[in-house]
Amino acid sequence: MEKAARRQLSLGRSLAGFALFLASVVLVSALGGMMTASSVSSWYQTLERPSFNPPDWVFAPVWSALYLMMALAAWRVWRMEAAGRGAALALFYGQLAANLGWSAIFFGLRAPGWALAEIVLLLVLITLTMRAFWRIDRVAGALFVPYLLWTAYATLLNASIVFLN
């Protein structure tokens, strides 16, 4: 693995870059939240859920932390001079789109079966992004580990909901 060097950026440009990644994840979070809000207090409450389903209040703080870690990871990769940086950031935005897609399918369309197929795609994209980030900046790759684990857990929840309903 070739050692990547940090690009020489002004403080203003570096902060602007971080703000862009943070805005990207906040946008996905807000759009996902809008799709989720209408179903969480109605349709979702009618579903049979597994015993290991966390209380609804857990999701907001967990996702807030995960989105912040995603933005920080992308920013760290963006600051590096490294082969594969553009592809890694394209994967980052691809997994963000898939993340939003899951909310649209599960809560917007109220289609847990289709959402299960989509979340498997999301797991693949998260794994690819994490590996690409790791090659450029190990801290950035490591910042994706909690997201991968949470999404694996969400996949189990999604599969259980499909099975129970």
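FYI, in numbering that gives the first Met the number 0 the residues of the sequence shown are 0 to 164.
Here a beta-carbon is modelled for each residue, glycine too, at the ideal position from N, C-alpha and C.
Open item on the list: Tell me whether the region 97 to 105 and the region 22 to 34 touch, counting them as touching only if at least three CB pairs, one residue from each stretch, are closer than 8 Å.
Closed with: yes
Open item on the list: So, with DSSP's three-state summary, where would you put Glu-47?
Closed with: Locating residue 47 in the sequence shown gives position 48, where the first residue counts as 1. Coil at Glu-47, not helix or strand.
Task: Interface flag, Leu-163 vs chain B, CB-CB below 8 Å - done: Given the protein chain composition of this structure (a single chain), no chain B is represented.
Open item on the list: Assuming Ala-70 and Phe-20 are in contact, meaning their beta carbons sit under 8 Å apart, how far apart are those beta carbons, in whole angstroms?
Closed with: Your numbering for residue 70 matches position 71 in the sequence shown. Your numbering for residue 20 matches position 21 in the sequence shown. Indeed they touch by this definition, with Cβ atoms about 4 Å apart.
Task: Given Gly-93 as reference, the closest of Val-123, Arg-75, Val-61 once Cα atoms are compared - done: Along the sequence shown, one-based indexing puts residue 93 at 94. Per the Cα distances, Val-123.
Task: Asn-157: first and last residue of the uninterrupted alpha helix (DSSP H) it sits in - done: If you number the sequence shown from 1, residue 157 lands on position 158. Looking at the DSSP string, the run of the alpha helix (DSSP H) that includes Asn-157 is 144 to 163.
- [ ] To the nearest angstrom, report how far apart Gly-16 and Gly-83 are at their CA atoms.
- [x] Start at 1 with the first residue of the sequence shown, and residue 16 comes out as number 17. Start at 1 with the first residue of the sequence shown, and residue 83 comes out as number 84. Answer to the nearest angstrom: the Cα atoms are 18 Å apart.
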